[in-house]
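K.L.:
Protein chains in written order, with this note's numbering: chain A, 1 to 370; chain B, 1 to 194.
1) What separation, rounded to the nearest whole angstrom, lies between the Cα atoms of residue 198/A and residue 178/A?
2) Under 8 Å, Cβ to Cβ, is there at least one residue of chain B near residue 349/A?
3) List the endpoints of the continuous alpha helix (DSSP H) containing residue 9/B.
4) Just reading off the alpha helix (DSSP H) that residue 226/A is part of, what are its end residues?
5) Going by DSSP in three states, residue 205/A sits in which element: helix, strand or coil?
6) Under three-state DSSP, which class holds residue 191/A?
7) For a test of the three-state rule: what should DSSP assign to residue 300/A, helix, strand or coil?
8) Using 8 Å as the limit for Cβ to Cβ distance, is residue 364/A near chain B?
9) Just the C-alpha distance for residue 244/A and residue 283/A, rounded to the nearest angstrom, thanks.
10) Are residue 49/B and residue 64/B closer than 8 Å when you measure CB to CB?
11) Do residue 38/B and residue 196/B count as a contact pair if the criterion is CB distance below 8 Å?
12) Where does residue 14/B land, buried or exposed, given buried means 16+ other C-beta within 10 angstroms?
13) When we look at the beta-carbon of residue 265/A and count the other beta-carbons within 10 Å, is it buried (16 or more) or exposed?
14) Within 8 Å of any Cβ in chain B, is that where the Cβ of residue 15/A sits?
15) I'd like to know if the stretch 350-362 of chain A and the stretch 51-59 of chain B are in contact, where contact means that at least 3 CB-CB pairs between them fall below 8 Å.
16) Which term fits residue 71/B, buried or exposed, when burial requires 16 or more other beta carbons within 10 angstroms of its beta carbon?
17) Let me make sure I understand the geometry here. Which of 74/B, 182/B, 105/B has the alpha-carbon closest to that of residue 127/B?
18) Along the chain, where does the alpha helix (DSSP H) that runs through residue 323/A open and close?
19) When the distance is taken between beta carbons, is residue 175/B closer than 8 Å to residue 134/B?
20) Could you pull out every residue in the same chain whose Cβ sits closer than 7 Å to the Cβ of residue 14/A, ignoring the five residues on either side in sequence?
21) Which partner residues does residue 161/A have in the DSSP bridge list?
22) Is residue 66/B close to chain A, meaning its C-beta is less than 8 Å from at least one C-beta of that chain?
23) Measuring alpha carbon to alpha carbon, tell me which residue in 109/B, 110/B, 93/B, 178/B is nearest residue 102/B.
24) Would DSSP call residue 163/B helix, strand or coil?
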């Protein structure tokens, strides 16, 4: 060491002073790379597990949240009228222009309060204009005069209900339940009756959905009621738009067909024509299906006498295959939960990743300085 | 007391026994000072950079790990970082020294001369001369006129009877080449690391 440079020895003294002041005060911390790396790996592993668990829990809650709305929703008459009203009015106008056959409302025996006022007949005609296209015989009674003027929109309604009835009343109540379908202008699709319990699936016109539910509720104590509505209005409108396009294309093709002079031209136009006609039929079929599914709600009702075990319990015998099926269903459920939860976590993770990246960058820079 | 220990051992020891760092300082202070002096050509900046580098090294001695470069690599790594900061900002910061409560010392006139001696301008000049001789005739001419005689590019172009763009290109290419040659010159390398 060249002691002749005063600055160098001066700095040495300063450094030693500083060492004396700070060096002893700060206990030596082990931050060797060999120790830091595994601990970081453990931290990363723990963090990923935590994220997965959080995602799973979140997803499970979100999934469960959707299912758990049992009995919370009871459709009020005209509840959907506000949103799709304008649209549906136009549909009605379209339908009317199509000269839909309007079957005269046939009064159903046993229905009280059916008044044949002109006003109600008008509203029924509107409903039936929609229903009629689905090829369903529309015998639409007005239940207690509560039919909304607006069309029940393009909503697929389904309900599930479990009603507990009094002892020895099953046969009578089961018949009444079937009657509820008829009274509301619907029909029973399937029914399974046992000695003291049974299920039936009925389809009723959407506008009588709530009255049908009320009729079923009146049979006994409602144990479970689950109502779901799937709005397909957008899909319906979209289909109609596509139908119009396809039909206008059809017109154009017919025009071309007339102008075609050579065989080749004719064949080409014919091919295009076939495709388009197929598409028109396809769209029409879809519209019809949607109309059917939206015009008629599906209610699955289970009736059982007091003290009778739920039917599911009878069916379920613990066996290896069912255990396996359940395990698989559970596994898929967990995965679905994780996926849903991850979806919610993604924005949070992105922010976290950005922060982490910044920290790592800072640390690396600091280490580069050292 | 510390004479028979190597730098890595000393630094590790200095975590618990800060005096050990004094020995590291004694071993490397002057060569680091020369390292900075030859790059900055400024005795004051070189001295401060040296002090700052050691202060930083001392403050982060607990983070030192031997990555196969030994203590020298580590010290010069810190030094290079400080140097590049100095080149960017034009000033030596005193962050590490302030953190340790070290005063910022002035460089005395005697020290100034001694530090400049470390630079050994003669050797550096020789290296530059050597590198200069490797340039093409055209580049040498253009560089001499522009850098040493301090002429404007227009004057250079008039003297050499070329367009101004050509004059610019020759000077720029010459400088680039000179920098490359100096960086790889064995003479300069040896001095810098020595």
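By construction, the Cβ of each residue, glycine as well, lies at the ideal position given by its N, Cα and C atoms.
P.N.:
So, to answer that:
1) Whole-angstrom Cα-Cα distance: 11 Å.
2) Not a single C-beta of chain B is nearer than 8 Å to the C-beta of residue 349/A.
3) Following the DSSP letters along the chain, one finds residue 9/B inside the alpha helix (DSSP H) bounded by residues 7-14.
4) Note, residue 226/A: premise wrong, no alpha helix (DSSP H); beta strand (DSSP E) at 221-231.
5) Note: residue 205/A maps to strand in three-state DSSP.
6) In this structure, DSSP gives residue 191/A an extended state, which the three-state scheme calls strand.
7) Note: residue 300/A maps to strand in three-state DSSP.
8) Not one chain B Cβ lies under 8 Å of residue 364/A.
9) Those two C-alpha atoms are separated by around 10 Å.
10) No Cβ-Cβ contact shorter than 8 Å links residue 49/B with residue 64/B.
11) Past the edges of chain B, shown from 1 to 194, lies residue 196/B, and the structure says nothing about it.
12) When all chains shown are included, residue 14/B counts as buried.
13) It is exposed - the Cβ of residue 265/A has fewer than 16 other Cβ atoms within 10 Å.
14) Contact with chain B is found for residue 15/A, since one of that chain's Cβ atoms lies less than 8 Å from the residue's Cβ.
15) Counting Cβ pairs under 8 Å, fewer than three are found: no touch.
16) By the neighbour-count rule (16 or more Cβ atoms within 10 Å), residue 71/B is buried.
17) Of the listed residues, the one whose Cα sits closest to residue 127/B is 182/B.
18) It spans 320-369 - the alpha helix (DSSP H) in which residue 323/A sits, taken as one unbroken run.
19) In this structure, residue 134/B lies away from residue 175/B, with their beta-carbon atoms at least 8 Å apart.
20) Only residues of its own chain outside the window of five on either side were considered, and among them none has a CB closer than 7 Å to the CB of residue 14/A.
21) 225/A, 301/A, per the DSSP bridge assignment.
22) Interface residue (Cβ-Cβ distance to chain A less than 8 Å): residue 66/B is not classified as such.
23) Shortest Cα-Cα distance from residue 102/B to any of 109/B, 110/B, 93/B, 178/B involves 93/B.
24) Residue state, collapsed to three classes: coil.
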